[in-house]
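Adding 176 to a residue's 1-based position in the sequence shown gives its number in the working numbering. For each residue, glycine too, the CB sits at the ideal point set by N, CA and C. Scroll down for the structure; my scribbles are underneath it.
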Amino acid sequence: MSDTTVKLKQQIIEALNLQGMTPDEIADDAPLFGDGLGLDSIDSLELMVLLERNYGIKIEDASEGRNIMHSVQSMASYIDAHRKF
Numbered sequence: 177m178s179d180t181t182v183k184l185k186q187q188i189i190e191a192l193n194l195q196g197m198t199p200d201e202i203a204d205d206a207p208l209f210g211d212g213l214g215l216d217s218i219d220s221l222e223l224m225v226l227l228e229r230n231y232g233i234k235i236e237d238a239s240e241g242r243n244i245m246h247s248v249q250s251m252a253s254y255i256d257a258h259r260k261f
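In structure tokens, the structure reads:
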């Protein structure tokens, strides 16, 4: 598990107020939406804010956003390749 993955899991827990959940409970490749972690469209907006605020990444295209935010692993890979700071 990369440093980005561990940090991102903690940031997701904090941003979405997933109280009582630990980073170890979120599988790297589990879907964040639907049958996975069960996030919804409001949560996706929070994740977009998290990416912009913490990494300088702004997602403009909804289709691209769905691919990026599919799982923690896909988000971490995108962050590692595109982070501004």
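Where LEU215 sits in the DSSP three-state scheme
Within the sequence shown, residue 215 is the residue found at index 39, counting from 1. Residue state, collapsed to three classes: strand.
Can the beta-carbon of GLN187 be found less than 7 Å from the beta-carbon of LEU226?
Position 11 of the sequence shown, counting from 1, holds the residue named residue 187. Position 50 of the sequence shown, counting from 1, holds the residue named residue 226. Yes; because the gap between Cβ atoms is below 7 Å, this pair is in contact.
With 16 other CB atoms within 10 Å as the buried threshold, where does LYS234 fall?
Within the sequence shown, the letter at position 58 stands for residue 234. Exposed is the call here.
Am I right that THR198 and ALA252 are in contact with their C-beta atoms under 8 Å? What's the rounded C-beta distance?
Within the sequence shown, numbered from 1, the residue matching residue 198 stands at position 22. Within the sequence shown, numbered from 1, the residue matching residue 252 stands at position 76. THR198 to ALA252, Cβ: 17 Å. No contact.
Give the range of the alpha helix (DSSP H) segment to which HIS258 is assigned.
Sequence index remark: in the sequence shown, residue 258 carries index 82 (1-based). Residues 248-258.
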